[in-house]
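Chains as they are written, first to last, in the numbering used here: chain A, 1 to 190; chain B, 191 to 380. We put the CB at the ideal spot given by N, CA and C, even for glycine. Bear in mind that the values here come from a model prediction, so they are computed numbers and not experimental data.
Number of protein chains: 2
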Amino acid sequence: MDDSQLLDFFKALADASRLKIIGLLAQESFTVEQLAAMLKLRPSTVSHHLARLSKAGLVSARAEGYYNLYRLETSKLETIARRMLSREALPAIAADVDLEAYDRKVLTDFSNPDGSLKTIPAQRKKLTVILCHIAKSFEPEVRYPEKEVNQILARFHQDTATLRRELVGAGLLERQRGEYWKVQGSGNRV
Amino acid sequence: MDDSQLLDFFKALADASRLKIIGLLAQESFTVEQLAAMLKLRPSTVSHHLARLSKAGLVSARAEGYYNLYRLETSKLETIARRMLSREALPAIAADVDLEAYDRKVLTDFSNPDGSLKTIPAQRKKLTVILCHIAKSFEPEVRYPEKEVNQILARFHQDTATLRRELVGAGLLERQRGEYWKVQGSGNRV
DNA sequence: TAATTAATTAGATGAATATCGAATTAATTT
DNA sequence: AAATTAATTCGATATTCATCTAATTAATTA
Chain A
1 MDDSQLLDFF KALADASRLK IIGLLAQESF TVEQLAAMLK LRPSTVSHHL
51 ARLSKAGLVS ARAEGYYNLY RLETSKLETI ARRMLSREAL PAIAADVDLE
101 AYDRKVLTDF SNPDGSLKTI PAQRKKLTVI LCHIAKSFEP EVRYPEKEVN
151 QILARFHQDT ATLRRELVGA GLLERQRGEY WKVQGSGNRV
Chain B
191 MDDSQLLDFF KALADASRLK IIGLLAQESF TVEQLAAMLK LRPSTVSHHL
241 ARLSKAGLVS ARAEGYYNLY RLETSKLETI ARRMLSREAL PAIAADVDLE
291 AYDRKVLTDF SNPDGSLKTI PAQRKKLTVI LCHIAKSFEP EVRYPEKEVN
341 QILARFHQDT ATLRRELVGA GLLERQRGEY WKVQGSGNRV
């Protein structure tokens, strides 16, 4: 569900002392003093670690006299573990990432202000991005004679023959008897 | 199994950028450049993150041309998740921790060099530690008359009556008809 | 072969944080 | 009420590390 809560969880466990605390509390509840003696740390340090673990929902405290008895919240551990195993939860972490950023970068890197291409990319990966972009200039369901195709491609680069060949090779344009048309559903991603 | 490998795992995921990388690779393989563009980071930074993830066994690279295509190692994720869910794996994290350190600390805090007690602890938790220690001075299977019990207890503290009463109250010593004997299996932990 | 390009490595810098000692708070014992 | 005690909080310090730029390596294209 939550984005930063997962990060807090991993940050909480990304420390040798805190990991040991989790291991100890998995066996039995302990007070701050006991943990400090076993880990050979100052109580203030252990208190700090427990606060972090508590903020991540991994431990909870129960006051007993003037002791504070800490216990492990196994449910939290289980929740996260199950999330790591689920197929959908992982991609959700990157939900707010801009997936098209790379394509845009390639496009601006190779385009002049007027929209024409500086050069035709040599790398397959970049060429594909450019070709997908060019394909958007073709209407679906329309059949273009070669002369019109060249007119459109000339807006991008003088070497229309190469562009035409690559568009067909990439499966973005189809050709038959001197006529061309856009392949359905080839508007966007690779 | 391994101790520091688990720590490496959590450290690897304890960063917002790396967590996003995992989320992205969960959908599809990407090159360093693509990830850099999507995350708005320099390729060198992404490379550094991928190295960390790789060291933790979370991703692997496949050379393709002069691209490096990174993919997620879901098996590693599954292994750790299952370990988090298992009852035995968690306590194993603290296998090398000195569990008796607290008891030893209490013992030295309250003992004089000759082994006698400075005072009898007021806190239940500490009193129990001391009582367990004293109980070790009694042989199993042996019945002690009260006079002998007092002789042994006097080595620890003059207030033998209190010690005797507490030992019985804690269930470490049993009494019947003026004779005392050690309760089986009460030698050590609380 | 020379120029370009993806990726990694090295070095530098600033931010986060693990740990400690001291001060404070709250509960217990005398 | 005064003294003791467990725990937390605060301030300081040293370390770890995320990120950047620059340099280097390795592969591809011209």
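Using the DSSP secondary-structure output, state which residues sit across from residue i in a beta bridge.
| i | result |
| --- | --- |
| T128(A) | Answer is none; T128(A) lacks a bridge partner. |
| Q366(B) | E369(B) |
| N258(B) | A253(B) |
Which class does residue i belong to by DSSP, given the choice of helix, strand or coil?
| i | result |
| --- | --- |
| E150(B) | A question about residue 150(B) goes unanswered here, because the residues of chain B that appear run from 191 up to 380. |
| Y158(B) | A query on residue 158(B) cannot be resolved here, the shown segment of chain B reaching from 191 to 380 and no further. |
| L41(A) | coil |
| R82(A) | helix |
| V390(B) | It is not possible to answer for residue 390(B), since the shown part of chain B is limited to 191 through 380. |
| R189(A) | For R189(A), the pLDDT reaches just 45, beneath the cut-off of 50, and the residue's location in the model is therefore unreliable, although a value from the coordinates is still provided. It is coil, neither helix nor strand. |
| P49(A) | The sequence shown places His at residue 49(A), not Pro. Here H49(A) sits in helix by DSSP. |
| A216(B) | coil |
| A122(A) | coil |
| H347(B) | coil |
| S17(A) | helix |
| S75(A) | helix |
| A246(B) | coil |
Which two residues bound the contiguous alpha helix (DSSP H) that contains residue i?
| i | result |
| --- | --- |
| M117(A) | The displayed chain sequence assigns Leu, not Met, to residue 117(A). Taken as a continuous stretch (DSSP letters only), L117(A) belongs to no alpha helix (DSSP H), as it is neither H nor E. |
| V296(B) | 291-300 |
| Q184(A) | Element bounds for Q184(A): n/a, residue is neither H nor E. |
| S194(B) | 194-203 |
| R355(B) | 350-359 |
With 8 Å set as the bound, which would you pick, yes or no: does the beta-carbon of residue i sit closer than that to a beta-carbon of chain B?
| i | result |
| --- | --- |
| D98(A) | yes |
| L19(A) | yes |
| L171(A) | According to the sequence provided, residue 171(A) is Gly. The question's Leu does not apply to it. Not one chain B Cβ lies under 8 Å of G171(A). |
| Q34(A) | yes |
| K76(A) | no |
| L131(A) | no |
| A37(A) | yes |
| L13(A) | yes |
| P91(A) | yes |
| F110(A) | no |
| K55(A) | no |
| K182(A) | no |
| K105(A) | yes |
| A101(A) | yes |
| A154(A) | no |
| A81(A) | yes |
| A122(A) | no |
Against chain A, with Cβ distances strictly below 8 Å, would residue i count as a contact?
| i | result |
| --- | --- |
| G213(B) | yes |
| Q195(B) | no |
| A253(B) | no |
| L259(B) | no |
| P233(B) | no |
| L275(B) | yes |
| F200(B) | yes |
| Q217(B) | yes |
| A241(B) | no |
| A206(B) | yes |
| A351(B) | no |
| A325(B) | no |
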